[in-house]
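Quick mapping for you: the protein sequence lines, in order, are chains A and B. Each residue of the first sequence is one higher than the one before, starting from 10 at the first, in this note's numbering. Each residue of the second sequence is one higher than the one before, starting from 10 at the first, in this note's numbering. One structure is given here, and the rest of the page talks about it.
Number of protein chains: 2
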Amino acid sequence: MAKVNENYLKLPGSYLFSTIGKKVAAYQGANPDRKVIRLGIGDVTQPLVPAIIQAMHEAVDEMGKAETFHGYAPDLGYGFLREEIARSDYRERGCQVDADEIFVSDGAKSDCGNIQEIFSQDSRIAVCDPVYPVYVDSNVMAGRTGEYDKEREVWSNVIYMPCTAGNRFVPELPQECPDLIYLCNPNNPTGTTLTREQLKVWVDYANRTGAVILYDAAYEAYIAQKDVPHSIYEIEGARTCAVEFRSFSKNAGFTGVRLGFTVVPKDLWRDGVALHGLWARRHGTKFNGAPYIVQKAAMAVYSQEGKAQLKDQVAYYMNNARVIYEGLREAGYEVYGGVNAPYIWLRAQEGMSSWDFFDWLLEKANVVGTPGSGFGPSGEGYFRLTAFGTYESTVEAVERIRKLRRE
Amino acid sequence: MAKVNENYLKLPGSYLFSTIGKKVAAYQGANPDRKVIRLGIGDVTQPLVPAIIQAMHEAVDEMGKAETFHGYAPDLGYGFLREEIARSDYRERGCQVDADEIFVSDGAKSDCGNIQEIFSQDSRIAVCDPVYPVYVDSNVMAGRTGEYDKEREVWSNVIYMPCTAGNRFVPELPQECPDLIYLCNPNNPTGTTLTREQLKVWVDYANRTGAVILYDAAYEAYIAQKDVPHSIYEIEGARTCAVEFRSFSKNAGFTGVRLGFTVVPKDLWRDGVALHGLWARRHGTKFNGAPYIVQKAAMAVYSQEGKAQLKDQVAYYMNNARVIYEGLREAGYEVYGGVNAPYIWLRAQEGMSSWDFFDWLLEKANVVGTPGSGFGPSGEGYFRLTAFGTYESTVEAVERIRKLRRE
């Protein structure tokens, strides 16, 4: 008799974004004439830039001719792309990362969710609170998180590191020693960052305790300030304690194209085992390479034209971030993020919970955001807006929220 | 201190296809003038057909315009594709499978490797022997397979179901009761099949014992004989005991494009839990949808032009299969498969192990195949050749092997 993985049953019933989707659909159904503006999910809205479109057309044509057809891609990614990443994302920033330490995949979400597999069943995880839900959920599925406390919305065996206005969103080193530490920098959802100096504290801690840092740098393209590192490998000592996740979703609009990569340095060993070999084995057994066409599209991200076009695209979204940040601050809201990240994190209207504020904004301003409590207990009372809408809808959303505040 | 997943360390060091790759590279390095013909890996060689190329170009153009740009795809696949699959692959064959029971993914390898996650840690698996290595390896990684016996090349906690010429490659019901049963039909590597009647025995057995059948139908497009089912859902009772994996890799040449799907019927429950919900949660947490462009390409597989063009492509490969099958049989080899599948399974030269035969063919005929023992202990003494080469190289490979036999 087959039995199910009981850990799955421990997951709280409804996933954050599906609850939001249902609420919005219900509201829109009851009020079909209202124009709802969605600044909730972190999905991009601008089309792929011309350099990428051209590269994809060329790759499609290659796939249609016997002489240039490409079958199975190498499990770990095409050499041309791994070389380009090593050069442009790492060596040019002074980081030592070799092409064969880069694992190309169908996206950072898959890698962030799957990485826990190569660690032992009894690993203890630490997460920033609030944070991207996949880190915790994938460990729930693997049975590492203990029991769920519905009241407090926390897992008994997860170390939560609160990031609130009180500590300026910089997590403190935990009292209990974790085995795996998830860090997201710039952070989703708060849009705040760790500086090089602040990150160094974590690298030193991990090297001292033997913990491994799982470093999500999906938003690195939005970093504007000089003291915020684009990669954890800018920090001395990171090669012996950190795995890094990167994405093409936000820097190049690949949310619907699907591509990302993970760096596992060959110097990262635990239990006398190189993690590099374990991740390679996982990739080789449960993944079959990213599409040729998509890997060629990624090459255009690094071309001269691609770089110039994408710089404009990132600037477009960051201008939206500025519009939201400044608009809400002027209206009297307490706002964070938005400078090095496409997310704005704001304190909900006084006396309102995150979900109260969600309902209020949806109903009164027809603007959709994400309740901060959906990202962890310390997110309660906060709210996330994304800069990935169009400029016009962003301006209108901010104007509606400001007007509501004035009423 | 982080600790690694020790189950990974139990995996035998070298993966079958990487060992083959190294041997071929070494031979080719030492003999650069020899033209080596590769009929080893099951990778296709024919380009994507024109209908698919056109659909991809159109989808790429859509991604380049704001009005038609597509961001995150639905985790479980676009409705248009799920509807088309439900109609063309199932309802038209008289199978009851609804669109929302279809989960679109980046390929059957990923799904076959990941499906074990939704079952309990102490599940006992049964596999045909020989078989596609991913079924066993993914369970090794999850810690379900016990210890590895290097001598016999078997895992202590896996139920092997030998498929040899002795039982005409039809597995017998196991003595011990498994929780999960992997069946691949048409089989990789033997190219042999189960008829509807033979499969019914397994469906009845699973419903009687509560086991779940994990049914890999990646090669269904190659089925020529009427009594071989294209889907397990052609069998009465399958909706309460079977998950089905399908691929676009072999019917449409998508090995480097990446797309597949898995069917989890809503009637499939264990422990009072619907597996459908568990797989949806896994997809939603650790996967972020297949690319829009690729899902549009898949739609062309079902168009009038696409169907006609792909029928020719499958016929091309099946003609190769016939060339190998008949050529080797006439040369005195004992051959199997090749009628409903793109694989030919042959008995190695007398007195030779699978690897002896591999070395001999590589050296004397410069032809690369896959040693049968790489697929399981009962594969020892057998050898796999694929029909996915070009016609010209296939004819030459067969001629070389025949000549060698005559010498």
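Ideal Cβ placement from N, Cα and C applies to all residues, glycine included. Predicted, not measured: the structure shown is a model, and the values here were computed from it.
Asked                                                                                                                        : Found
In DSSP terms, what B:Y169 is bridged to                                                                                     : B:V136
Identity of the residues DSSP links to A:E253 by a beta bridge                                                               : A:Y224, A:V272
CB contact below 8 Å: A:L182 versus chain B                                                                                  : no
Candidates B:G383, B:I333, B:Y391, of which the one nearest B:L48 by Cα                                                      : B:I333
Residue-chain proximity (B:G122, chain A), Cβ-Cβ < 8 Å                                                                       : yes
Within 8 Å of chain A by C-beta, residues of the segment 298-319 of chain B in sequence order                                : G298, A299, P300, Y301, I302, V303
Presumed contact (8 Å Cβ cut-off) between A:G336 and A:P198, rounded CB distance                                             : At roughly 19 Å, the Cβ-Cβ gap does not stay under 8 Å, so A:G336 and A:P198 are not in contact.
Any non-hydrogen atom of the ligand ADP closer than 7 Å to A:C121 Cβ                                                         : In terms of ligand content, the structure shown is empty, and the ligand ADP therefore cannot be addressed.
A:T403, enclosing alpha helix (DSSP H) - first and last residue                                                              : 400-415
Burial state of A:S97, where buried means 16 or more other Cβ atoms lie within 10 Å                                          : exposed
Start and end residues, alpha helix (DSSP H) containing B:I302                                                               : 301-310
Minimum C-alpha distance to B:R91 - residue among B:F112, B:R102, B:R291, B:D213                                             : B:F112
Pair within 8 Å by beta-carbon distance, A:G73 and B:P59                                                                     : yes
Any C-beta of chain B under 8 Å from that of A:P59                                                                           : yes
Interface flag, A:E15 vs chain B, CB-CB below 8 Å                                                                            : yes
Neighbour-count burial assignment, B:P195, 16 or more Cβ in a 10 Å radius                                                    : buried
Reduced DSSP category for B:A34 - H, G, I as helix; E, B as strand; rest coil                                                : helix
Residue range of the alpha helix (DSSP H) that includes A:L277                                                               : Run containing A:L277: none; DSSP gives neither H nor E here.
Beta carbon proximity, A:S119 to chain B, threshold 8 Å                                                                      : yes
7 Å Cβ cut-off: residues of chain B touching A:L85                                                                           : Going along chain B, no residue has its Cβ under 7 Å from A:L85, so there is no contact; the nearest lies around 12 Å.
A:T294 vs A:G51 beta-carbon contact at 8 Å                                                                                   : no
Residues, ordered as in the chain, of the segment 143-157 of chain A that lie near chain B by beta-carbon distance below 8 Å : V143, D146, S147, M150, G152
Residues of its chain near A:E93, where Cβ-Cβ distance is below 7 Å and the 5 sequence neighbours each way are ignored       : M308, Y311
Distance between beta carbons of B:Y400 and B:N328, contact taken as under 8 Å                                               : 7 Å
Contact under 8 Å by Cβ, A:D120 with A:R267                                                                                  : no
Rounded separation between B:K275 and B:L223 - CA only                                                                       : 15 Å
Own chain partners of B:F397 with C-beta closer than 7 Å, once the 5 adjacent residues on each side are dropped              : G51, D52, V53, T54, Y326, P351
Cβ pair A:R133, A:D213 closer than 8 Å                                                                                       : no
Within-8 Å CB hit, B:M170 to chain A                                                                                         : no
Which listed residue (A:R102, A:Q358, A:D70) has its alpha carbon closest to that of A:E243                                  : A:R102
Contact list for B:G88 against chain A, beta-carbon separation under 9 Å                                                     : Near B:G88 there are no residues of chain A at all, since even the closest Cβ is about 15 Å away, more than 9 Å.
According to DSSP, residues forming a beta bridge with A:G346                                                                : A:I353
Residue ranges of each alpha helix (DSSP H) within the segment 73-140 of chain B, 4 or longer                                : 88-94, 117-123
B:Q55 at chain A interface by Cβ criterion, 8 Å                                                                              : yes
Residue nearest to B:I410 in terms of C-alpha spacing, selected from B:G88, B:V282, B:V377                                   : B:V377
Cβ-based contacts, 8 Å cut-off: residues of the segment 263-278 of chain A near chain B                                      : T264, G265, V266, R267
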